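Read through the structure below, which is laid out as structure tokens, and then see the notes.
Number of protein chains: 4
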Amino acid sequence: MAKSKFEYVRDFEADDTCLPNCWIVVRLDGRNFHRFSEQHEFKKPNDDRALHLMTKCAQTVMQELEDIAIAYGQSDEYSFVFKKKSRWFKRRASKFMTHVVSQFASSYVFYWKDYFKDQQLLYPPGFDGRIVLYPSNQNLKDYLSWRQADCHINNLYNTVFWMLVQRSGLTPVQAQDRLQGTLAGDKNEILFSEFNINYNNEPLMYRKGTVLIWQKTNEVTTKKIKLPKEAEEKEVEVTRIRTKVVPLHCDIIGDQFWEEYPEILAEDS
Amino acid sequence: MAKSKFEYVRDFEADDTCLPNCWIVVRLDGRNFHRFSEQHEFKKPNDDRALHLMTKCAQTVMQELEDIAIAYGQSDEYSFVFKKKSRWFKRRASKFMTHVVSQFASSYVFYWKDYFKDQQLLYPPGFDGRIVLYPSNQNLKDYLSWRQADCHINNLYNTVFWMLVQRSGLTPVQAQDRLQGTLAGDKNEILFSEFNINYNNEPLMYRKGTVLIWQKTNEVTTKKIKLPKEAEEKEVEVTRIRTKVVPLHCDIIGDQFWEEYPEILAEDS
Amino acid sequence: MAKSKFEYVRDFEADDTCLPNCWIVVRLDGRNFHRFSEQHEFKKPNDDRALHLMTKCAQTVMQELEDIAIAYGQSDEYSFVFKKKSRWFKRRASKFMTHVVSQFASSYVFYWKDYFKDQQLLYPPGFDGRIVLYPSNQNLKDYLSWRQADCHINNLYNTVFWMLVQRSGLTPVQAQDRLQGTLAGDKNEILFSEFNINYNNEPLMYRKGTVLIWQKTNEVTTKKIKLPKEAEEKEVEVTRIRTKVVPLHCDIIGDQFWEEYPEILAEDS
Amino acid sequence: MAKSKFEYVRDFEADDTCLPNCWIVVRLDGRNFHRFSEQHEFKKPNDDRALHLMTKCAQTVMQELEDIAIAYGQSDEYSFVFKKKSRWFKRRASKFMTHVVSQFASSYVFYWKDYFKDQQLLYPPGFDGRIVLYPSNQNLKDYLSWRQADCHINNLYNTVFWMLVQRSGLTPVQAQDRLQGTLAGDKNEILFSEFNINYNNEPLMYRKGTVLIWQKTNEVTTKKIKLPKEAEEKEVEVTRIRTKVVPLHCDIIGDQFWEEYPEILAEDS
Chain A
0 MAKSKFEYVR
10 DFEADDTCLP
20 NCWIVVRLDG
30 RNFHRFSEQH
40 EFKKPNDDRA
50 LHLMTKCAQT
60 VMQELEDIAI
70 AYGQSDEYSF
80 VFKKKSRWFK
90 RRASKFMTHV
100 VSQFASSYVF
110 YWKDYFKDQQ
120 LLYPPGFDGR
130 IVLYPSNQNL
140 KDYLSWRQAD
150 CHINNLYNTV
160 FWMLVQRSGL
170 TPVQAQDRLQ
180 GTLAGDKNEI
190 LFSEFNINYN
200 NEPLMYRKGT
210 VLIWQKTNEV
220 TTKKIKLPKE
230 AEEKEVEVTR
240 IRTKVVPLHC
250 DIIGDQFWEE
260 YPEILAEDS
Chain B
0 MAKSKFEYVR
10 DFEADDTCLP
20 NCWIVVRLDG
30 RNFHRFSEQH
40 EFKKPNDDRA
50 LHLMTKCAQT
60 VMQELEDIAI
70 AYGQSDEYSF
80 VFKKKSRWFK
90 RRASKFMTHV
100 VSQFASSYVF
110 YWKDYFKDQQ
120 LLYPPGFDGR
130 IVLYPSNQNL
140 KDYLSWRQAD
150 CHINNLYNTV
160 FWMLVQRSGL
170 TPVQAQDRLQ
180 GTLAGDKNEI
190 LFSEFNINYN
200 NEPLMYRKGT
210 VLIWQKTNEV
220 TTKKIKLPKE
230 AEEKEVEVTR
240 IRTKVVPLHC
250 DIIGDQFWEE
260 YPEILAEDS
Chain C
0 MAKSKFEYVR
10 DFEADDTCLP
20 NCWIVVRLDG
30 RNFHRFSEQH
40 EFKKPNDDRA
50 LHLMTKCAQT
60 VMQELEDIAI
70 AYGQSDEYSF
80 VFKKKSRWFK
90 RRASKFMTHV
100 VSQFASSYVF
110 YWKDYFKDQQ
120 LLYPPGFDGR
130 IVLYPSNQNL
140 KDYLSWRQAD
150 CHINNLYNTV
160 FWMLVQRSGL
170 TPVQAQDRLQ
180 GTLAGDKNEI
190 LFSEFNINYN
200 NEPLMYRKGT
210 VLIWQKTNEV
220 TTKKIKLPKE
230 AEEKEVEVTR
240 IRTKVVPLHC
250 DIIGDQFWEE
260 YPEILAEDS
Chain D
0 MAKSKFEYVR
10 DFEADDTCLP
20 NCWIVVRLDG
30 RNFHRFSEQH
40 EFKKPNDDRA
50 LHLMTKCAQT
60 VMQELEDIAI
70 AYGQSDEYSF
80 VFKKKSRWFK
90 RRASKFMTHV
100 VSQFASSYVF
110 YWKDYFKDQQ
120 LLYPPGFDGR
130 IVLYPSNQNL
140 KDYLSWRQAD
150 CHINNLYNTV
160 FWMLVQRSGL
170 TPVQAQDRLQ
180 GTLAGDKNEI
190 LFSEFNINYN
200 NEPLMYRKGT
210 VLIWQKTNEV
220 TTKKIKLPKE
230 AEEKEVEVTR
240 IRTKVVPLHC
250 DIIGDQFWEE
260 YPEILAEDS
């Protein structure tokens, strides 16, 4: 069978190498998650099970793929930042995008039951992804700030909206009308005066989203070993340094985070 | 929170619109499926459960996404062909790629248990994807021919290889050495003379892979309806025409297939 | 001097290969030619010297570069169509664009004096270029039709506009106001009733622009040769078939042109 | 004439926007300049007329186009560096490339006679161009260092090569053989011991190439003005600050140049 006769079709594949020395960001979003969250009875405005599952999937992506320096997630989206110097798959954009979304999607179904114990998964969900390059550290920090600012704005709105619906009995349309044109201060005031809620006491995970970084941890285990001159096995403690993906719920817009973890942006990281 | 200050980062996202009037092919491959297939004890050289699961996932992709005219799969890969005239997501390459692989990956885990009843899924698998454009119908047919020729070549090799290992007791290295430099005719001869196997009688699914196309089917259901002047409900047969994704295991290199299904390549399809 | 230390910068150059099996069109436009034409006192609405110079430059481009099948020009623009199968410079978009515009620009200055005998060139003009791919013959024909339709629309407008200014003494603003909202028929009518001009008798070059194609021509030359058995040299006529770039001013929107010159679109041309 | 029917072809033009916040380099090379320089009897190894003409063209490009921060040239090539923050033509790659090469090419013919007084231009030359993005200042400096190191290596080689040919009477092939495998030190030694030439005393323009930067200059002119209470016009000196493109022949590999002209790399330049 003349395979070679057809192989010219390989030349039609375009080169999609990412420009060197740029941060490579892959952002993933749930497809039709408004509908998905209703059908799976997500708690509003925030469902801890769903948020923790998203983070579990993102951790899996960071561990299975290479060269991801940091990730940031909120709601049904997650951004993965590959190192400036990464040479993974020769920096081919399609490889970065498809590995991220496929690993995330399969993990979502795989780990679903660990988080949604009483809620069956009705159908396999879809995700989309896109890739963006950022030449400078400031551009990258501004990108992550943009996503965290978006998290804050949406979460404040959603918190008030669902209070008006769930506690004050407004219809969604009425709640929307009520919030039309309000500023952040107005929303804080409604929460405080009508529902006795201080927005700043709301869980950090809701207000700040989730940052995933690599951290060295000391892992202490006990091992049974047999020493040369002794008859019996003996238990000894072994301390191993492991690098793990750790979730944080902190501000990444200000400088403090970046000063605390300078290795994330370090040139040769 | 000044979101607008950061929003300039959106301008860094590049436009990846696919050239109009070209067939858009997304090919997906299993990541590290050599290892995955061993860990999940896939039968060699072909595991029906795995092949059927792949096809189930591909059918889901065709049904959930838009404008896929035909798909072709073999081993751990599947190619999806979007219509020349598709305007789905404004023809953005990243959307095509990520929707295909994420839907496929989540479906793989979701439907796993329907095909691998006695074999638990050990971890969530990954897939990669790429996108290629083909300007002419001939280019597209040659692409699909290339993949089917590849299926044939690999399957013939694998069939002999695993016979030598499983029946003749050769080690993998010995089997590889034995097959070094052999032509298709030699391999057919080994199969026939040593194992009494006529390769042409091997299952079509193994030799030709799987083609997925849309077909209209008549679906006959019975409904109970109450007619105006009658007291009792009555059962009537209702025939609905539905369009379904149908798997075929046939040759797509020759002209016959394309003459039988002219609508696949039809300009305004 | 450590050149190698710096050579990594070569990896930043992106691959810009054009998709195979597509027509590659490079369209060139004069930069600020409104101002340029005023400063060099171009005759309005059409200056034969300028149009013939443009065509001379385009002929030079076709002769100096490779694989150009056809070119079309009007006003201060020219489109060059490279063959579908061209492998010139590995189909790199930047090569196509920059070779076309640089050859055109240097030719424009070089040949200026042959066309503008009494008018000195005041400064070196600039041109910009862009590249567009067309997968099918129909797409290409529609592209060329688009440019020729544009030529017609602009030339009809300009013909009336300049008549109103030059003969009726309207100011440009008055002429513009007069033509506001008029259809093609109205403009034809103004030309006929007010200026006794039948637009269809205007020169074809103005109305249709210029098509450049390759044509075989018999070139008859006389050579002196010395025949073996004769003492004297003798003059003989030698007919050589040469391929030349020939300008036409004809309709390329209808089928007739393409039927007359089928080799232009021929697959293996 | 139905122009709209054809206008869909505009959608085939791809977006080629350059990634923001990157230096945009356009490098131009003479096409077939080996042949061109022979036909126009360029002095070897360096022809001052040709080098000055190249620089005149590059100055014209910097003055006519926008946002070029620095340019560097040697032999028949020139690199133009557009500012990181440039928004010229929405950062479209094709615009940058084609404007540079067309302006350069037309200038080359236009200014030819000012430099080659006794040598007629035989035909219009061609140039090619390419575009490369550099995310960081260090990348950009390394790019320019790469080109200057290339200038040095080539010029040292050419200087010895042409001495061997012109003074020692070697054929080009003999000269080439003689230099095969020699290091920089060997070439310096040949120049010194055989031709009494200290390479370091060769003109800077040959050894370092040409750097073009913007410099403020005080331009003093005299104007005649009539003061209110005086009968006669009076001559006064007027000092205007003008920004001009100035050629330098200095090292740009070390830090000194960049420390002396910090505004070139300044963020908001």
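Chains A, B, C and D, in that order, are what the protein sequence lines are.
Oh and the first sequence: position 184 is 183 in numbering that gives the first Met the number 0, straight run, nothing missing.
Oh and the second sequence: position 60 is 59 in numbering that gives the first Met the number 0, straight run, nothing missing.
Oh and the third sequence: position 221 is 220 in numbering that gives the first Met the number 0, straight run, nothing missing.
Oh and the fourth sequence: position 212 is 211 in numbering that gives the first Met the number 0, straight run, nothing missing.
We put the CB at the ideal spot given by N, CA and C, even for glycine.
Fair warning: this is a prediction, and the values are worked out from it, not measured in the lab.
Within the segment 124-152 of chain A, no residue has its Cβ closer than 7 Å to any Cβ of chain C.
At least one CB atom of chain B sits nearer than 8 Å to the CB of A:ALA104. Within chain A, the residues placing a beta-carbon under 7 Å from that of C:PRO19 are ASP10, PHE11, ordered along the chain. Any Cβ of chain B closer than 8 Å to the Cβ of D:ASP113 would place that residue at the interface, and such an atom is absent. Put simply, of D:GLN175, D:ARG26, D:ARG48 the residue whose alpha carbon is nearest the alpha carbon of D:TYR77 is D:ARG26. Bridge partners of D:SER74 according to DSSP: none are assigned.
When DSSP reads this structure, B:ASN217 sits in a beta bridge with B:ILE240. Rounded to whole angstroms, the gap between the alpha carbons of A:PRO261 and A:VAL219 is 27 Å. For C:LYS2, the chain D residues whose Cβ falls inside 7 Å of its Cβ are TRP145, ALA148, ASP149, ILE152, in order along the chain.
Between A:ASN45 and the set A:ILE189, A:GLY253, A:ARG206, the nearest pair of CA atoms involves A:ARG206. Taking a C-beta cut-off of 8 Å against chain B, none of the residues of the segment 68-80 of chain A qualify. In the three-state reduction of the DSSP assignment, B:ARG30 falls in the coil class. A residue is called buried once 16 or more other Cβ atoms fall within 10 Å of its Cβ, and A:LEU52 is buried on that count. For A:ASP141, the enclosing alpha helix (DSSP H) has its first and last residue at 136-165. In summary, C:ARG146 is buried, with 16 or more beta-carbon neighbours lying within 10 Å of its beta-carbon over all protein chains present. Per DSSP, the continuous alpha helix (DSSP H) segment holding D:LEU178 begins and ends at 171-178. For B:SER85, the nearest beta carbon of chain A is not closer than 8 Å to its own beta carbon. Leaving aside the five residues that flank C:GLY128 on each side, the residues in its chain whose CB is nearer than 8 Å to its CB run, in chain order, VAL25, ARG26, LEU27, ASP28, MET96, THR97, VAL99, VAL100. Taking all protein chains shown into account, B:SER167 has fewer than 16 neighbouring C-beta atoms within 10 Å of its C-beta and is therefore exposed.
Flagged as an interface residue toward chain A: C:ASP14, by a C-beta distance shorter than 8 Å.
Rounded to whole angstroms, D:GLU258 and D:THR209 show a C-alpha spacing of 18 Å. Residues of chain B with a Cβ closer than 7 Å to the Cβ of A:MET96 are, in chain order, SER93, MET96, THR97. For B:ILE189, there is no enclosing beta strand (DSSP E); the residue is found in the alpha helix (DSSP H) stretching over 183-194. Under the DSSP assignment, A:VAL108 falls outside any beta strand (DSSP E), being part of the alpha helix (DSSP H) whose first and last residues are 92-114.
For the set A:MET61, A:LYS223, A:ILE152, A:ASP75, the Cα lying nearest the Cα of A:ALA183 is the one of A:ILE152.
With respect to chain B, the C-beta atom of A:TYR107 has a partner C-beta closer than 8 Å. Counting of Cβ neighbours within 10 angstroms places D:ILE240 among the exposed residues, the total staying below 16.
Remark: C-beta atoms of C:CYS56 and C:TYR110 approach each other more closely than 8 Å. Per DSSP, the unbroken beta strand (DSSP E) holding D:PHE126 starts and ends at 126-133. For D:THR181, the closest Cβ of chain C is not nearer than 8 Å. For D:THR59, the uninterrupted alpha helix (DSSP H) segment begins and ends at 47-63.
From the listed residues D:ASN157, D:ASN217, D:ASP176, D:PRO124, the smallest Cα separation to D:ARG30 is found for D:PRO124. For D:TYR205, the uninterrupted alpha helix (DSSP H) run begins and ends at 203-207, by DSSP. In the DSSP assignment, B:PHE256 falls within the unbroken alpha helix (DSSP H) covering 255-259.
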